[in-house]
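Some notes on the structure that comes next.
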Amino acid sequence: MIIAGEVEDPRVATVTVTDARLTPDLRYAKIYVTVLGSDEDIDEALAALKHAAGFIRTQLGAVLRVRRTPELHFVYDNISEAATRIERILSEEGEKARAREQAASASESGPSEE
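With the working numbering applied, the sequence shown covers -5 to 108.
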């Protein structure tokens, strides 16, 4: 909610946090985000997040109440693109399998005699 609710930069309007990974010493956090839009929109959103990282870190520190708030690094997560590609491949393979089944059942029934 910090990004969506408190960062006023319109470039982060379509940002969604998908994952966060902390180093074992809790000093660094890699924040994975998706962004709706073009490659240019993605670059702009990441630049806006980098610019707002200090503010976000301060807000996060107030909520977490930990001695040291991790340094934030924002990374584009292309999970949705990968999921779309996998879905397309599975759909294509499903169509090929149905075509093979239809061809096999047509050859089993043989030519029809009149």
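In this text, a Cβ means the ideal position worked out from N, Cα and C, and glycines have one as well.
Query                                                                                                                      : Result
Report the three-state DSSP secondary structure of Thr10 (helix, strand or coil).                                          : strand
Measure the C-alpha to C-alpha separation of Ala42 and Ile83 and round it to an integer number of angstroms.               : 34 Å
Skipping 5 residues on each side, what residues in its chain have a beta carbon closer than 8 Å to that of Thr8?           : Val29, Leu30, Gly31, Asp35, Ala39
Report yes or no: do the region 13 to 27 and the region 59 to 66 share at least 3 C-beta pairs separated by less than 8 Å? : yes
Check the DSSP bridge columns for Leu16 and list the partner residues they point to.                                       : Ala23
Just curious, the alpha helix (DSSP H) that Glu81 is in, first and last residue?                                           : 73 to 103
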